[in-house]
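See below for the structure under consideration.
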Amino acid sequence: VQIGTLELERVLATVQKPARYAGGEWNAIVKDWSRLDVTIALAYPDLYEIGMSNLGLAILYDVVNRQDRMAAERVYAPWQDMDEAMRTAGMPLYSLESKHPVSEFDVVGFTLQTELTYTNLLNMLDLAGLPFLSAARSELAPLIIGGGSGCYNPEPLAAFFDLFALGEGEEIILEILDGVAAWKSQGRPGGKPSLLRRMAGLAGVYVPSLYEVSYSSFGSVARIDAAEGAPTRVRKRIMSTLPPTPRAPVIPSMAIVHDRAAVEIQRGCSRGCRFCQAGMIYRPIRERPVHEVLDDVDAIIANTGYDEIGLVSLSSSDHSGIEQIVLGLVERHGENHLAISLPSLRIDSFSIELARLIQQQRKTGFTFAPEAGSQRLRNVINKGVNEEDLLRTAESAFRNGWDRIKLYFMLGLPTETDEDALEIARLIREVRDMGRRVRGKRVDIGASVATFVPKPHTPFQWLPLADREEVERRQRLLVRAVGSGHIELSYSDWATTWLEALLSRGDRRLGPVIQRAWELGARFDAWSECFDVRHWQQALDDVGLDAAIYLSRRRERDEVLPWAVIDVGVTSRFLWAEYERSQSGELSPDCREQCHGCGVTVAFAVERDSVDPSDWGCP
Amino acid sequence: MSASETPLARVRITFAVSEPLCYTSVLDMGRHWERAVRRARIPLAYSQGFHPHPRLLFAAPLPVGYRATNELLDLYLVRAVEPGEVSAALARQCPTGLTVVDVESVPVSAPILQAEMREAEYSVLVWSHASPEEIVAALGAFLERVEVLRERKRKGRTQSYNLRELFSQADYVGTEGDHCAGGTLVHTLQMRARCGSNGSGRPEELVGQLDVPVTHCRVTRTRLIWGAEAEDSA
């Protein structure tokens, strides 16, 4: 039963920014449910403005809706005023397309992008009228599935989800929906346990209830036992070549974070930065051919009317045809006021050249990520850039007319000392002074200093989170050393870092903690105006769990890590070797130049055999 | 910026707004139009300068939540296009909730609509348990007052204003025959209020002042009164 129009109108009349909840956008796809075999609600546990900016969801929406007998609809987390208005009106969480309650879908697929959305996820289940625990939901409730980068350690969410789809979702989502449709049409034989067993047979599907975790007396995971028929490890799925670009994406009803068309030009990154989870989990490198990118942009612009295109990848200037792409776009659309945005440029003069090509009209800020202040520490994290590169690139940016540069750094990196923190300050000041010399006037420098969280599936996965006192002392040192003078310095607050680390490094015992935090009122933890760390401290106390077992302890090399079942194709041996190289400050060059044997070509040998070897960045 | 960017033509679009576009803010409404115009390949002119932006101007921003039947929007074009062509091209590109009612050519140098705006007319649906007689009486009581002071926050400061003087007319039109669940009636009111740079009367604020219980209210702006037309009807 769909939500009534007048009912919705009355609720929307009472909230801020009702366009978030109204649906009906250009290019949205509304299907007749009587002609469908299976439906999925694609759920993003944050606001419309955030969720609508997610390219992964747009791809899945496109992939599913291409199927005649399937429908994918969207749902986002309502802000607090809407949450309250819906509860007061007794209105359940509904999809934007057909306005069906989420509980009436066959499948609800949550995108797990950041750990700080986990309480929103529970809140959405609650608004949908669905029990939190997988075990408490009957075979008639929607199958609750998760996908996205949060799945690379899904353990804290294990009790809430029926299954996780690991890796790239374009094929697996259809296999899951086909499986659900078949099971439904057969009259749901064997109930939910049977459905879950069928699902566990699909490559890339992790059904957490089929695994039993036991713990050691000092708090680590002792062992993980897979039920009969469930794989010991579940390997992520990849596409052997990049899937088609969604050429008619839904145009948001209001301004969103990334309010532009997007084409993914490359998946994976060859740089091998040791702190970077994305660089490890999205391997291997696959490029979209130049002509395909250009045709995609033509089609998207015609279908949407956007005046800005984002060329999405982890490292845009590493695409082997990036210059041809940019020149082609300027030639085809230059007179049509099309702005091109090229995020994640590496630090070299080629990037300035590219930026100069695309920013004929307006010069917004330039962003670089040296990540660490000292050469020693940049070697530890394998950020293959030196100070000379940075200063030369900054100089070139200033010479070409930019007067705003933003720099990204991290504190709390392994082996870091106070000296390294002071080096960040020195580098920031050098860049500013260079700007003043070149421009002969004031320049603005923004510096954003995040606190490093050692993430699963990286060479630093065994390490503890940096000590709070140390990080905060270095933040103060940095503030003092940077001084004033047109430098805007921002850094992460400890509580947010702590929570992110806890949820990304934890195990199943955190499930009750997340639920308790929600009960205590935690919502929108990524939003500083909503986040209250006391909810989480209280929740840990109530459950009787000590965060230190996840955060303060260096883990043993042969220890069973909570995410041990998850196989991203990169071997533990490779990660450990990279860790050891980090300790001696040894660089590992770009893997397009030299293979370091991370394991991806072995794990995905079948996929690689199906394409031309040169289609992948691996040598 | 090329010389071709100088606007050489201007068209005036009369359009209607309904769900779900009625939930859109005026800034976002501008973006929807801009994108629809680009999809329709209508040669919109851009402003000169550091941040060129498309030259489209609304007569009056439509408040979030309001429906409308006769809104006005001027598009400046880099070459003349037949109004019929603009209308046909846009009809295929308008999102749900946006309808082109009419397109006409106007001189590029014609006055800016926004500066000429005087008043607007509204049709207001009011869901209430009150009887038609009670609504009529409450409306009469409002109109008899000389001053109805209300406050609004603007840029952090609280301003007080006289709601009464913003309305030149407020009439009871009738009620829909059907009783909704719980005995709620849907009453139709018609209002005329100031609209423009001298302040704008918001019909739901007037309804809020009526001494009757109201569960919901739907405002539709039906006519914009501007320039010469305003003088005529004054």
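Respectively, the protein sequence lines represent chains A and B.
Using the numbering used here, you'd call the opening residue of the first sequence number 1 and step up by one each time.
Using the numbering used here, you'd call the opening residue of the second sequence number 620 and step up by one each time.
Even glycine gets a Cβ: it sits at the ideal position worked out from N, Cα and C.
Predicted model, so just to flag it, every value in this text is computed and none were measured.
Query                                                                                                                       : Result
Span separating the alpha-carbon of Q361(A) from that of R286(A)                                                            : Because the pLDDT at Q361(A) is just 49, under 50, the model does not fix this residue reliably, and the value given afterwards should be weighed accordingly. Approximately 32 Å between the Cα atoms of the pair.
Exposure label - A710(B); buried when at least 16 CB within 10 Å                                                            : exposed
Beta-carbon spacing of D95(A), R74(A) below 8 Å                                                                             : Residue identity check: residue 95(A) is Ser in the sequence provided, not Asp. Result yes, Cβ atoms of S95(A) and R74(A) sit closer than 8 Å.
Delimiting residues of the alpha helix (DSSP H) encompassing K192(A)                                                        : G191 to A200
Alpha-carbon spacing of K236(A) relative to G147(A), whole angstroms                                                        : 11 Å
In DSSP terms, what T111(A) is bridged to                                                                                   : G147(A)
Opposing strand residues paired with D721(B) [DSSP bridges]                                                                 : T633(B)
Inter-residue CB distance, G456(A) and R274(A) (contact presumed, cutoff 8 Å)                                               : Rather than Gly, the amino acid found at residue 456(A) in this sequence is Pro. The Cβ separation is near 13 Å, so there is no contact.
DSSP three-state assignment for P101(A), whether helix, strand or coil                                                      : strand
Chain B within 8 Å of T415(A), Cβ atoms only                                                                                : no
Cβ-Cβ separation, S742(B) to T807(B) (assumed contact under 8 Å), whole Å                                                   : 6 Å
Rounded straight-line distance, which links the Cα of W26(A) to that of Y579(A)                                             : 49 Å
Top-ranked residue by Cα proximity to P512(A), from F524(A), D541(A), Y306(A) and R534(A)                                   : D541(A)
The region 243-259 of chain A: positions lying closer than 9 Å to chain B by Cβ                                             : I251, P252, S253, M254, A255 and D259
Contiguous beta strand (DSSP E) assignments of at least 3 residues, all confined to the region 316-363 of chain A           : 339-341
With 16 other Cβ atoms within 10 Å as the buried cut-off, status of P45(A)                                                  : buried
is_contact[D307(A), chain B] using C-beta, thresh 8 Å                                                                       : yes
Whole-angstrom distance between Y118(A) and G440(A), CA atom to CA atom                                                     : 49 Å
Buried versus exposed call for F524(A) [16 or more other C-beta atoms within 10 Å across all chains shown]                  : buried
Three-state secondary structure assigned by DSSP to Y791(B)                                                                 : strand
As assigned by DSSP and simplified to three states, the class of S374(A)                                                    : coil
Within chain B, the residues that P18(A) reaches when beta carbons sit closer than 8 Å                                      : Y642, V683 and G684
Below-8 Å beta-carbon distance, T715(B) vs any chain A residue                                                              : yes
Distance between P142(A) and Q266(A) (C-alpha atoms, nearest Å)                                                             : 34 Å
Proximal residues, the region 740-763 of chain B versus chain A, C-beta separation under 7 Å                                : none
Sub-8 Å separation of A261(A) and P249(A) beta-carbons                                                                      : yes
Three-state class that DSSP yields for P673(B) in the structure shown                                                       : strand
Span of the alpha helix (DSSP H), counted from its first residue to its last, around Q515(A)                                : G511 to E519
Uninterrupted alpha helix (DSSP H) stretches inside the region 808-833 of chain B (no shorter than 4 residues)              : 822-828
Chain A contact for P773(B) (CB, 8 Å cutoff)                                                                                : The question names Pro, yet the displayed sequence has Arg at residue 773(B). Taking Cβ atoms only, chain A never reaches closer than 8 Å to R773(B), which makes this a no.
Backbone CA spacing between V443(A) and S484(A) [nearest angstrom]                                                          : 13 Å
For D420(A), the first and last residue of its enclosing beta strand (DSSP E)                                               : Unbroken run through D420(A) is the alpha helix (DSSP H), D418 to R439; no beta strand (DSSP E).
Under 9 Å from the C-beta of A655(B): neighbouring residues of chain A                                                      : W26 and G305
Cut-off 6 Å between Cβ atoms - residues of its own chain near P408(A), not counting five sequence neighbours on either side : In the sequence as presented, Pro is not what sits at residue 408(A); that position holds Tyr. Once the five neighbours on either side are set aside, the close Cβ partners of Y408(A) are A369 and S448.
Status (buried if at least 16 other CB within 10 Å, exposed otherwise) for C836(B)                                          : buried
Inter-residue Cα distance where the pair is A501(A) and A526(A)                                                             : 13 Å
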